[in-house]
Amino acid sequence: LEAGQICRPHHRATWIWAEWLHDMHFQFAIIREFDARKAPPVVIVPHGIHLTPKLLKALRDYVHTGGKLLIEGLAQQHNDDGPLMLGELTGCRWDGTLKGHGFYLLPEMASLKTDLLEGEPVYFECGKAHVLHCARAHCLAHLVPQFKNKQRSSDIQIVPNYPARKDQVQWTTGVALNRVEKGQVMTCALQLTCPDEHRTRHPWPRQLAANLLNHLLGGQTVRIRGH
């Protein structure tokens, strides 16, 4: 979804989604004029998109009639630093924003761990993330801050620090899924497409995004093992 705003410089997230969806072999289209009656089974709301009152109403109508939304991180804030615009659809309580060098998402469901490193959370070099608590929604992945006092020498995740353990800092909701009448809304606490100078060296954020989409779609349509 870009709703005619693709020329704005802060819409880099839309282009990254297009690249990811192409590389991951999803059929997709970039929607310029959103019509809830003609929208596909899943609509991605990218970071940085301007949610006008007209577009917000159309997205609500789309969900209530059976549509599925994947809302990326900071896409849904009022004035870039306020409550969630689609808060009633997310099923989450917003408790402000955390700032840091980066954050991790640790999937809790087996379907979301497909082709990721066993036991390793996925690192995102994002400067901030939402503090979300599930009210009606179900937590699919935890948001894990970095543990800043210990350096990591491994290049396995392209990260400077270890993820914090639960006894070091409170984990919050990283990805939530809420059912609204016939539809579903998946909310991410951070920008999945955040800038990453190492993104050509590791596939983990893109793979997690694929797993989230497959979960919304009800599973991967075709899966081929081997070469």
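Numbering (the numbering used here), first residue to last: 61 to 287.
Just so it is clear, CB atoms sit at the ideal spot from N, CA and C, and this is done for glycine as well.
Computed from a prediction, not measured in an experiment: that's the story for all the values here.
Per DSSP, the bridge partner or partners of W154: Within the sequence shown, numbered from 1, the residue matching residue 154 stands at position 94. In DSSP, W154 forms a bridge with L192.
K98 - DSSP class collapsed to helix/strand/coil: Position 38 of the sequence shown holds residue 98. In this structure, K98 counts as coil in the three-state DSSP scheme.
Beta bridge counterpart(s) of P166 as assigned by DSSP: Counting from one through the sequence shown, the residue named residue 166 turns up at place 106. Contrary to the premise, residue 166 reads as Leu rather than Pro in this sequence. Note: L166 sits in a beta bridge opposite H202.
Reference M84, options L237, L273, R285, closest by Cα: For this step, residue 84 is matched to residue 24 along the sequence shown. Selected option, being the one with the closest Cα: L273.
Anticipated Cβ contact below 8 Å, A189 with T157, distance rounded: For this step, residue 189 is matched to residue 129 along the sequence shown. For this step, residue 157 is matched to residue 97 along the sequence shown. About 7 Å; that satisfies the 8 Å criterion.
Top-ranked residue by Cα proximity to G147, from W80, A197, Y164: Start at 1 with the first residue of the sequence shown, and residue 147 comes out as number 87. Looking at the Cα atoms, A197 is the closest of the given residues.
Same chain only: Cβ atoms within 6 Å of Y122, ignoring 5 sequence neighbours per side: As a position in the sequence shown, residue 122 is number 62, starting the count at 1. Excluding residues within five positions, the ones whose Cβ falls inside 6 Å are A96, A99.
P106, DSSP secondary structure in three states: Position 46 of the sequence shown, counted from the start, is the residue given in the question as residue 106. In this structure, P106 counts as coil in the three-state DSSP scheme.
One or two residues paired with G243 in a DSSP bridge: Numbered from its first residue, the sequence shown carries residue 243 at position 183. In the DSSP output, where bridge partners are listed per residue, G243 has V240.
N-terminal and C-terminal residue of the alpha helix (DSSP H) that L81 is part of: Stepping through the sequence shown from its first residue, residue 81 is reached at position 21. Residues 72-83.
Backbone CA spacing between A249 and P255 [nearest angstrom]: Start at 1 with the first residue of the sequence shown, and residue 249 comes out as number 189. Start at 1 with the first residue of the sequence shown, and residue 255 comes out as number 195. When rounded, the distance between both Cα atoms is 16 Å.
Bridge partner(s) assigned by DSSP for T232: Position 172 of the sequence shown, counted from the start, is the residue given in the question as residue 232. Note: T232 sits in a beta bridge opposite L203.
For H71, the nearest candidate out of P181, E93, R261, I109 (CA to CA): Here residue 71 corresponds to residue number 11 of the sequence shown, with the count starting at 1. When only C-alpha atoms are compared, the closest one is I109.
Same chain only: Cβ atoms within 6 Å of H202, ignoring 5 sequence neighbours per side: One-based indexing of the sequence shown puts residue 202 at position 142. For H202, where only same-chain residues beyond five positions count, the Cβ hits under 6 Å are L166, W231, G234.
Buried or exposed by the 16-neighbour rule on C-beta atoms within 10 Å, applied to E62: Residue numbering aside, residue 62 sits at position 2 when the sequence shown is read from its first letter. Buried: at least 16 other Cβ atoms inside 10 Å.
Whole-Å CB distance - P265 paired with V182, under 8 Å assumed: Taking the first residue of the sequence shown as position 1, residue 265 is located at position 205. Taking the first residue of the sequence shown as position 1, residue 182 is located at position 122. About 6 Å separates the two Cβ atoms, so the contact holds.
Simplified DSSP state of V123, which is helix, strand or coil: Here residue 123 refers to the residue found at position 63 when the sequence shown is read from its first residue. In this structure, V123 counts as helix in the three-state DSSP scheme.
Cβ neighbours of N271 in the same chain (closer than 6 Å, five flanking residues each side left out): Residue 271 sits at position 211 when you count from the first residue of the sequence shown. Excluding positions up to five away in sequence, the list reads L172, T174.
Close beta carbons around L176, own chain, < 8 Å, minus the five adjacent residues each side: As a position in the sequence shown, residue 176 is number 116, starting the count at 1. Cβ neighbours of L176 beyond the five flanking positions: P167, V182, W264, Q267, L268, N271.
As assigned by DSSP and simplified to three states, the class of L130: To locate residue 130, count along the sequence shown from 1; it is residue 70. Reduced to three states, the DSSP call for L130 is strand.
In DSSP terms, what C248 is bridged to: Numbered from 1 along the sequence shown, position 188 holds the residue referred to as residue 248. Note: C248 sits in a beta bridge opposite V235.
Burial state of I216 (16 or more Cβ within 10 Å): Along the sequence shown, one-based indexing puts residue 216 at 156. Confidence is the limiting factor: at I216 the pLDDT is only 47, short of 50, which leaves the residue's position unreliable, though a coordinate-based value still follows. Classification of I216: exposed, given that the 10 Å Cβ count is below 16.
Bridge-paired residues (DSSP) for R223: Reading the sequence shown from its first residue, position 163 is the one you call residue 223. The question names Arg, yet the displayed sequence has Pro at residue 223. DSSP, once it has assigned bridges, lists Q206 as partnering P223.
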